[in-house]
Each structure stands twice: as structure tokens, then as C-alpha cells.
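In my numbering, the protein residues as written are 899 to 1113.
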């Protein structure tokens, strides 16, 4: 994990925990001092957080915490679902029996994982393997700009997401085995859509979600 990723994770967790609230300013010098890094990774982290919607960068004023609303979250996972759905489609079109068996073993290991850290790590490896099998630099690049809203500790913050992921991957594997690109694509998109709903629910319960002002 790069220094910029560490800074971004630190800020996300501060927002989630309530240490940083909507409207709070992110002071680059303070972040750099607190984390023992230079200002370069702090600037890179703020750019990433702005792209993800956590903060807003204003010219000559700096970066401020904005928070996320339900539409932001759902749009994000719809976009992520498009990329991963196309990835599943590409894999379904040409997957070998050997590679299919490998993916099945990975999903079995995930279901047997006793803790969320292990489950999360195995999930990342599964998605990395799926991307590798799709063999598409463009899809890989597209996924980089649609990362998980919570790259670190996602399943801790959104506990309902684990059963969603387990069920979704079982369905996706079934369609990969049938070499059905369309259904593999649809199953992946549906899974990511459910993740978006789970994130909205978790953020709303924690008070993190920004609710629209009444008209």
C-alpha cells in the first residue's frame, strides 16, 4: 500500500468514526505531520478522496469534508458494476475448466473464512484473478477510477455485504461454468447494486450519510 493510500484510508476512517464531520477542513500540513509523511502523498490522497466524493477541493481554500448521499453511493456502485460486469462477461467467453476450478476453490475458501480480514483478503485475490483472466488493460484501468468506497475494512463497516458477496459469487460462478456471458455480466451488476444498497443502509445507521435538505 502506498503512502497516499495510507493517508486516504486514515481520512476515510476519521470521517466514518465522526472525528471529521461535514464542513471540516483537511489541513495538509497537519495530516503530513500526524502520519509522518511528506505533503506529496497527502495531496495525492486528497485528489483521490475528491474523486470518490469524500471531500471537495475548492480553489484557494483547500479541501473540505463533504460526505456522501445515497445517490452518490448508488451511482458509484452502478459504475463499478458496469466495469466488473464486463469483466465477468469477458471471462465467461473464454474461461478454461482449469481456471474455473481455480475460481471455485477461491470462493470455497472465502465461504470458509472464519474472520472478516481473511474473507476480505480472499475476496480481493478473487477479483484480482478475475481481472487477470479478463486480460483487458482498459478494464483494469477503469476499475482503478471506480474503487470501493471503503477500500480498507469494507466488510467491517458494512457487515451485510459479506452474505451479498458470497451469494453473488456463487451465482456468477454458475454462469461462468455455463459459459453464459450475458448472465455472468447481469449477476455481477446485481451484486454490486446490492452492495450499494448495503453501504447506504450502513452509512445511514451510523449517521454518516448526508441526507438531502427538504424542499
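Backbone N, C-alpha and C fix where the C-beta goes; we use that ideal spot for every residue, glycine too.
Pairs of beta-carbons, one from the region 1092-1103 and one from the region 1003-1022, closer than 8 Å: are there three or more?
no
Over the uninterrupted beta strand (DSSP E) stretch that includes residue 960, give me the two end residues. 960-963
Helix, strand or coil: how does DSSP classify residue 1077 here?
Here residue 1077 sits in coil by DSSP.
*Which one of 1050, 1078, 909 has the shortest CA to CA distance from residue 925?*
909
Simplified DSSP state of residue 1019, which is helix, strand or coil | helix
Using the Cβ count rule (16 or more neighbours within 10 Å means buried), how would you classify residue 1042?
Counting Cβ neighbours within 10 Å, residue 1042 comes out exposed, since fewer than 16 surround it.
Name the DSSP beta bridge partners of residue 1002, please? Residue 1002 is not bridged by DSSP to any residue.
Need the endpoints of the beta strand (DSSP E) that residue 901 sits in, please. That residue, residue 901, is in no beta strand (DSSP E); its alpha helix (DSSP H) goes 901-915.
N-terminal and C-terminal residue of the alpha helix (DSSP H) that residue 989 is part of: 968-992
query: Where residue 1062 and residue 975 are concerned, what is the direct C-alpha to C-alpha distance, given to the nearest angstrom?
result: 14 Å
Endpoints, alpha helix (DSSP H) assigned at residue 1055:
1052-1055
Query - Between the CA atoms of residue 964 and residue 934 - distance to the nearest angstrom - result: 25 Å
Could you check where the beta strand (DSSP E) with residue 1043 kicks off and where it finishes?
Unbroken run through residue 1043: none, as it is neither H nor E.
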